[in-house]
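J.:
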Amino acid sequence: MLSTSTLSDRRGLIAFIIGVIAVTAGVLLHAPMFWMGRNMHFMLAGMPMGSDMIFGMFLIVAGIAIAAYGLLPKNVSGILSASQDIVVSPPEDAPLSRAHWMLMGVLVIALIIDIMKPASLGFTIPGMVKEYDVPKATASLVPFFALSGTVVGSVVWGVIADIYGRKASILLSAVMFVGTSICGAMPSLYWNIGMCFLMGAAAGGMLPVTYALLAEMMPSKHRGWSLVLVGGLGAVGGYFAASGFSALLQPYFGWRILWLLNLPTGLSLVLLGAFIPESAKFLLARGRREEARQVMARFGSEARSTRAAETVALAKGSSVALTGRAFFGKLFALSLAAVCYGLVNFGLLLWLPADLVARGYSMELTSRLLAESALIAFPTVFLVAYFYSRWSTKWSVVGSIGVTLLGLAGVLWLEFTGQGSPVFPVALLIVGTNGLVAMLLPYAAESFPLRIRGRTTGTVAACTKAGGMIAQFLAILALVPPLDVVSLIIIVPTILALILVAVFGKETRGRDLRDLDPDGHTFAATGV
116 MLSTSTLSDR
126 RGLIAFIIGV
136 IAVTAGVLLH
146 APMFWMGRNM
156 HFMLAGMPMG
166 SDMIFGMFLI
176 VAGIAIAAYG
186 LLPKNVSGIL
196 SASQDIVVSP
206 PEDAPLSRAH
216 WMLMGVLVIA
226 LIIDIMKPAS
236 LGFTIPGMVK
246 EYDVPKATAS
256 LVPFFALSGT
266 VVGSVVWGVI
276 ADIYGRKASI
286 LLSAVMFVGT
296 SICGAMPSLY
306 WNIGMCFLMG
316 AAAGGMLPVT
326 YALLAEMMPS
336 KHRGWSLVLV
346 GGLGAVGGYF
356 AASGFSALLQ
366 PYFGWRILWL
376 LNLPTGLSLV
386 LLGAFIPESA
396 KFLLARGRRE
406 EARQVMARFG
416 SEARSTRAAE
426 TVALAKGSSV
436 ALTGRAFFGK
446 LFALSLAAVC
456 YGLVNFGLLL
466 WLPADLVARG
476 YSMELTSRLL
486 AESALIAFPT
496 VFLVAYFYSR
506 WSTKWSVVGS
516 IGVTLLGLAG
526 VLWLEFTGQG
536 SPVFPVALLI
546 VGTNGLVAML
556 LPYAAESFPL
566 RIRGRTTGTV
576 AACTKAGGMI
586 AQFLAILALV
596 PPLDVVSLII
606 IVPTILALIL
616 VAVFGKETRG
626 RDLRDLDPDG
636 HTFAATGV
């Protein structure tokens with residue numbers, strides 16, 4: 116399946132395999148350096164880099180380039196031109212098949228692997244501060260550049276997905292993940308910063324590419340809850356994997372082991388690619404209509420052309436206002452909610468492990484407590500998906516913001532009293548923020564007309580990273596106040612976001628997205 120559907124009509128299967136082997140070999144050449152530190156609890160700061168490590172880094176860079184070349188399709192300009200007029204989507208009431216469930220399962224695993232990378236940052240900072248003997252403000256450069264990489268990756272990976280196709284772009288990000296595992300053997304903090312930027316760039320585009328693939332394959336009737344379920348399970352599962360591996364492995368191998376895990380998890384993501392179908396839209400743009408028919412037959416999808424509908428829309432104008440108080444109120448409300456998510460997920464939750472260690476908890480105990488929080492939050496993802504699809508899209512988003520507020524209040528209580536376990540408040544934060552981010556992008560996509568859907572959804576997605584970058588920039592400047600003050604600061608915009616979404620948000624459950632556009636019906640693509 117891998118060679119016929121993904122690597123046919125590309126530069127070469129052999130080149131891709133050689134690239135993967137070169138990246139893997141480059142990582143393994145760093146293993147001796149890591150193992151040399153076993154008598155010092157794997158602390159490598161200040162150790163010289165040998166020629167084998169330098170050669171390994173060359174192999175990684177060259178391997179990524181060779182793998183990218185192997186996945187590059189021929190006649191790229193033709194693909195981009197043809198794909199602009201093609202939309203692939205299942206009928207409204209198509210039933211879910213075994214293929215749909217298998218795709219959802221594979222993409223959940225892929226997202227867990229993807230989200231585990233940035234989620235591990237909070238569990239590595241205390242070890243970095245101790246080993247490199249730097250203040251926490253300097254160590255905060257690591258998550259800041261990782262988040263900067265995700266912002267760059269979100270933009271770049273959208274272009275890559277259009278050129279390479281959904282499946283191939285996931286494979287390429289997995290190869291980059293494998294290369295970034297050498298963070299675990301870097302003797303210098305600044306090498307870690309550089310590699311974390313690359314890791315963020317690889318991770319940044321996975322969620323939008325996954326959502327795009329699901330939107331193409333899932334029937335409209337099931338699209339909302341499936342996107343929420345896959346995104347929620349990936350987010351909670353990624354945090355649980357990061358905290359769980361930290362609790363199990365850090366006591367024996369130090370913080371560096373969390374980066375070295377990128378090798379097996381990245382390779383497993385490459386192997387999972389065999390179970391991810393190639394995008395029918397990509398196949399049609401390549402003129403491979405028979406393969407596209409087979410993929411669409413498995414998922415009950417149809418291909419349509421949107422050129423005629425777009426001409427009518429531009430002539431008549433949208434039936435939904437693209438300016439004005441209601442429009443900007445809705446966009447600002449969702450963007451503010453996204454910023455609040457970033458402040459909690461990439462700020463407070465990343466700082467929490469170091470704060471608990473500073474209060475006397477061991478790193479093992481801290482990781483175990485936070486893993487318990489994620490485990491408690493895990494089953495609630497199914498409730499979030501159920502409420503979003505069966506109760507109300509708008510009020511489910513409002514409810515997730517409310518749960519986040521309860522978690523912030525719980526952290527405040529812990530900080531003020533100095534008593535109690537952090538498990539339940541952190542569980543509320545994980546439930547609230549991960550439920551919010553799982554619903555936010557699907558809800559944003561359902562709230563704006565086709566003409567501006569990409570721009571508005573992209574704005575909301577960018578704001579999820581912006582909140583984290585603000586938090587980490589403050590950390591770099593050593594301006595991070597105690598967690599009780601942080602919680603108070605975050606509570607204010609979160610309350611405002613809750614009110615604004617309640618006022619300006621619109622109910623989208625059961626609504627045909629074509630109602631947002633004049634004559635939004637599409638026309639069957641020729642020959643499909």
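Position 36, counted from 1, in the sequence shown is what this note's numbering calls 151; the numbers after and before it change by one each time, with no gaps.
Just so it is clear, CB atoms sit at the ideal spot from N, CA and C, and this is done for glycine as well.
1. How about Glu530 and Leu598: do their beta carbons lie closer than 9 Å?
2. Looking at the unbroken alpha helix (DSSP H) that takes in Ser416, where does it start and where does it end?
3. Determine contact between the stretch 169-185 and the stretch 132-145, defined as no fewer than three beta-carbon pairs at a distance below 8 Å.
4. If distances are taken between C-alpha atoms only, which option among Ala254, Lys336, Ala180 comes closest to Phe588?
5. Just to confirm the assignment, what range does the alpha helix (DSSP H) spanning His215 have?
6. Could you name the residues that DSSP lists as bridge partners for Arg125?
7. From Met155, Leu159, Leu144, Leu186, pick the residue whose C-alpha is nearest to that of Arg125; which is it?
8. Kindly list the residues whose CB is nearer than 6 Å to the CB of Ile275, restricted to its own chain and excluding five residues on each side of it in sequence; keep chain order.
9. For Gln365, count neighbouring Cβ atoms within 10 angstroms of its own Cβ and tell me buried if that reaches 16, exposed if not.
10. Compare the beta carbon distance of Lys372 and Leu328 with 9 Å and say whether it is the shorter of the two.
11. Assess contact between the stretch 479-494 and the stretch 531-544, defined as three or more Cβ pairs (one per stretch) separated by less than 8 Å. Is contact present?
12. Taking all protein chains shown into account, do 16 or more other C-beta atoms lie within 10 angstroms of the C-beta of Met155, making it buried, or fewer, making it exposed?
13. May I ask you to report which of helix, strand or coil DSSP gives Leu159?
14. Run through the stretch 359-421 for me and flag every whole beta strand (DSSP E) of 3 or more residues, listed as ranges in chain order.
15. Candidates Ala559, Asn549, Gly475: which alpha carbon is nearest Phe442's?
16. Please state the DSSP three-state secondary structure of Glu479.
17. What would DSSP say about Lys282, mapped onto helix, strand or coil?
18. Kindly indicate which three-state DSSP category Asn249 falls into: helix, strand or coil?
19. In the DSSP assignment, the alpha helix (DSSP H) including Asn307 goes from what residue to what residue?
20. If we count the other Cβ atoms within 10 Å of its Cβ and call it buried at 16 or more, is Tyr456 buried or exposed?
21. Alpha carbon to alpha carbon, how far is Ala453 from Ile610?
22. Between which two residues does the alpha helix (DSSP H) containing Pro147 stretch?
23. Given the structure, does Arg624 come close to the ligand GTP, in the sense that its CB is under 8 Å from one of the ligand's heavy atoms?
24. Pair every Cβ in the stretch 386-404 with every Cβ in the stretch 296-311, then say whether three or more of these pairs are closer than 8 Å.
25. Can you have a look at Asp248 and say buried or exposed, based on whether 16 or more other CB atoms are within 10 angstroms of its CB?
26. Check Met301 in the structure and name its three-state DSSP category.
27. Counting along the chain, where does the alpha helix (DSSP H) carrying Pro540 start and finish?
28. With C-beta atoms as the reference, is Leu613 less than 9 Å away from Thr548?
29. Could you check how far apart the C-beta atoms of Val244 and Gly352 are, in whole angstroms? I think they sit under 8 Å.
30. Tell me which same chain residues have a C-beta within less than 7 Å of the C-beta of Ile132, skipping the five on either side of it?
31. What does a CB cutoff of less than 6 Å around Val410 pick up in its chain, not counting 5 residues either side in sequence?
32. Identify which residue in Val600, Leu498, Trp466, Leu543 has its Cα closest to the Cα of Ala590.
T.: Taking the coordinates as given:
1. Walking along the sequence shown from the start, residue 530 turns up at place 415. Walking along the sequence shown from the start, residue 598 turns up at place 483. Contact flag set, yes.
2. For the purposes of this step, residue 416 is taken as residue 301 along the sequence shown, with counting starting at 1. Secondary structure note for Ser416: it is in no alpha helix (DSSP H), with a DSSP letter that is neither H nor E.
3. Short answer: they touch.
4. Numbered from 1 along the sequence shown, position 473 holds the residue referred to as residue 588. The residue with the shortest Cα to Cα distance from Phe588 is Ala254.
5. Here residue 215 corresponds to residue number 100 of the sequence shown, with the count starting at 1. In the DSSP assignment, His215 falls within the alpha helix (DSSP H) that extends over 213-234.
6. Your numbering for residue 125 matches position 10 in the sequence shown. Answer is Pro188, bridged to Arg125.
7. Here residue 125 refers to the residue found at position 10 when the sequence shown is read from its first residue. It is Leu186.
8. To locate residue 275, count along the sequence shown from 1; it is residue 160. Short of 6 Å from the beta carbon of Ile275, and not among the five residues preceding or following it, lie these beta carbons of its own chain, in chain order: Ser284.
9. Position 250 of the sequence shown, counting from 1, holds the residue named residue 365. Residue burial annotation: Gln365 is buried, with at least 16 other C-beta atoms found within 10 angstroms of its C-beta.
10. On the sequence shown, residue 372 is found 257 positions in, with the first residue counted as 1. On the sequence shown, residue 328 is found 213 positions in, with the first residue counted as 1. One point to set straight first is that residue 372 is Ile, not Lys, in the sequence displayed. Between Ile372 and Leu328, the gap from beta carbon to beta carbon reaches 9 Å or more.
11. Contact holds: three or more Cβ-Cβ distances are below 8 Å.
12. Sequence index remark: in the sequence shown, residue 155 carries index 40 (1-based). Exposed, by the Cβ-count rule.
13. As a first step, residue 159 must be located in the sequence shown, where it is residue number 44. Of the three classes helix, strand and coil, the one that applies to Leu159 here is coil, per DSSP.
14. Entirely contained in the stretch 359-421, the beta strand (DSSP E) runs reaching 3 residues are, in chain order, 417-420.
15. Working through the sequence shown from its first residue, we reach residue 442 at position 327. Answer by Cα proximity: Ala559.
16. In the sequence shown, counting from the first residue as 1, residue 479 sits at position 364. Three-state DSSP puts Glu479 in a helix.
17. Position 167 of the sequence shown holds residue 282. Residue state, collapsed to three classes: helix.
18. Taking the sequence shown and counting its residues from 1, the one referred to as residue 249 is at position 134. In the sequence as presented, Asn is not what sits at residue 249; that position holds Val. Annotated three-state conformation of Val249 is coil, per DSSP.
19. Position 192 of the sequence shown, counting from 1, holds the residue named residue 307. Per DSSP, the continuous alpha helix (DSSP H) segment holding Asn307 begins and ends at 304-319.
20. Counting from 1 along the sequence shown, the entry for residue 456 is found at position 341. Buried.
21. Within the sequence shown, numbered from 1, the residue matching residue 453 stands at position 338. Within the sequence shown, numbered from 1, the residue matching residue 610 stands at position 495. The alpha-carbon atoms of Ala453 and Ile610 are separated by roughly 13 Å.
22. Position 32 of the sequence shown, counted from the start, is the residue given in the question as residue 147. Per DSSP, Pro147 belongs to the alpha helix (DSSP H) from 146-151.
23. Within the structure as shown, the ligand GTP is missing, as the structure has no ligands at all.
24. The stretch 386-404 is not in contact with the stretch 296-311.
25. Translated into positions along the sequence shown, residue 248 becomes position 133. By the neighbour-count criterion, in which 16 or more other beta carbons inside 10 Å mark a residue as buried, Asp248 falls on the exposed side.
26. Position 186 of the sequence shown, counting from 1, holds the residue named residue 301. Assigned with DSSP and collapsed to three states, Met301 falls in coil, not helix or strand.
27. Numbered from its first residue, the sequence shown carries residue 540 at position 425. Here the alpha helix (DSSP H) through Pro540 covers 538-562.
28. Taking the sequence shown and counting its residues from 1, the one referred to as residue 613 is at position 498. Taking the sequence shown and counting its residues from 1, the one referred to as residue 548 is at position 433. Not closer than 9 Å, so no.
29. One-based indexing of the sequence shown puts residue 244 at position 129. One-based indexing of the sequence shown puts residue 352 at position 237. Actually they are not in contact, since the Cβ atoms of Val244 and Gly352 sit about 28 Å apart, beyond 8 Å.
30. Position 17 of the sequence shown, counted from the start, is the residue given in the question as residue 132. Here Ile132 has no same chain residue with a Cβ atom under 7 Å from its own Cβ, once five neighbours each way along the sequence are excluded.
31. Here residue 410 refers to the residue found at position 295 when the sequence shown is read from its first residue. The answer, listed in chain order, is Pro392, Ala395.
32. Indexing the sequence shown from 1 puts residue 590 at position 475. The shortest C-alpha separation from Ala590 is found at Trp466.
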